[in-house]
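In our numbering, the protein residues as written are 29 to 248. For every residue, glycine included, the Cβ atom is placed at its ideal position computed from N, Cα and C. Structure first, commentary second.
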Ligand SMILES: *Cc1c(COP(=O)(O)O)cnc(C)c1O
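Following this line, the structure appears as structure tokens:
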């Protein structure tokens, strides 16, 4: 099946309220164009170095999502190039994003990344600290908090992630009901190729798909 056939199949398969992000790390501009042509116009990138030229050359109607680990020294460029940053997990990162966004008159859409299984050496704010982080950053004027993102442990069987997805949805809802000023809990971004069905069942309304759309990644 071609990339565009796979994309069309997934679009059909997933409920209409679920936003599909094509996770495009290691993929060529041609592959990204094919996905966009098939109707997936939200593209996720992990690495600034790899994506900068691609973003600047593809002048199609694409929404770019930063989904990789974000270092402070990359914030300026990432704020410039991307429409949403999904991997924000600290106050200091928010402060830098706000500063850089302010300097170019942009309102930067972000998601807070949660380390939902509290794994050591994994990025994301701990679940019990997410609410306070969101309250602390709610006053930043050039940041628009739009929800939560989570990865969950690396497992092959997506079904094993169900308890973590449940936990993430519960956390998402518990923050949402508080109606914190300037916080718009709209998106819960969770689920990848092997787990998106489970994630959607558990309340994800944004999923990030790589392999299932583009095939296995080839690293050189
Ligand atoms: C690569 C990646 C995905 C997609 O992974 P697949 O298993 O290929 O679907 C989703 N989210 C993030 C943050 C990624 O880096």
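Going by CA-CA distance only, name the one from the options that's closest to residue i.
| i | options | result |
| --- | --- | --- |
| residue 33 | 147, 44 and 62 | 62 |
| residue 236 | 199, 49 and 43 | 49 |
| residue 232 | 199, 37 and 57 | 199 |
| residue 215 | 221, 76, 209 and 196 | 196 |
| residue 137 | 116, 120, 147 and 146 | 116 |
| residue 30 | 194, 45 and 65 | 65 |
| residue 76 | 113, 132 and 246 | 113 |
| residue 208 | 188, 167 and 122 | 167 |
| residue 145 | 81, 123, 211 and 178 | 178 |
| residue 189 | 241, 120 and 229 | 229 |
| residue 155 | 122, 140 and 60 | 140 |
Who pairs with residue i in a beta bridge, going by DSSP?
| i | result |
| --- | --- |
| residue 94 | 73 and 113 |
| residue 172 | 137 |
| residue 234 | 47 and 217 |
| residue 177 | 141 and 217 |
| residue 211 | 173 |
How close, in whole Å, do the beta carbons of residue i and residue j come, if the pair is a contact with beta carbons under 8 Å?
| i | j | result |
| --- | --- | --- |
| residue 217 | residue 152 | Rounded, the Cβ-Cβ distance is 12 Å, inconsistent with contact. |
| residue 83 | residue 125 | About 17 Å; that fails the 8 Å criterion. |
Tell me which same chain residues have a C-beta within less than 7 Å of the C-beta of residue i, skipping the five on either side of it?
| i | result |
| --- | --- |
| residue 74 | 53, 95 and 96 |
| residue 134 | 107 and 170 |
| residue 163 | 208 |
Where do the N-terminal and C-terminal ends of the beta strand (DSSP E) with residue i fall, by residue?
| i | result |
| --- | --- |
| residue 140 | 136 to 142 |
| residue 51 | 47 to 51 |
Terminal residues of the continuous alpha helix (DSSP H) containing residue i?
| i | result |
| --- | --- |
| residue 118 | It is not in any alpha helix (DSSP H) - residue 118 carries neither H nor E in the DSSP assignment. |
| residue 37 | 31 to 41 |
| residue 202 | 190 to 204 |
| residue 65 | 57 to 65 |
| residue 145 | That residue, residue 145, is in no alpha helix (DSSP H); it is neither H nor E in DSSP. |
| residue 132 | Run containing residue 132: none; DSSP gives neither H nor E here. |
| residue 239 | 239 to 242 |
Less than 6 Å between C-beta atoms, sequence neighbours within five positions excluded: which residues of the same chain meet that for residue i?
| i | result |
| --- | --- |
| residue 186 | 222, 223 and 226 |
Leaving aside the five residues before and after residue i along the sequence, list all residues of the same chain whose C-beta is less than 8 Å from its C-beta, in chain order.
| i | result |
| --- | --- |
| residue 111 | 91, 92, 93 and 137 |
| residue 80 | 105 and 109 |
| residue 37 | 29 |
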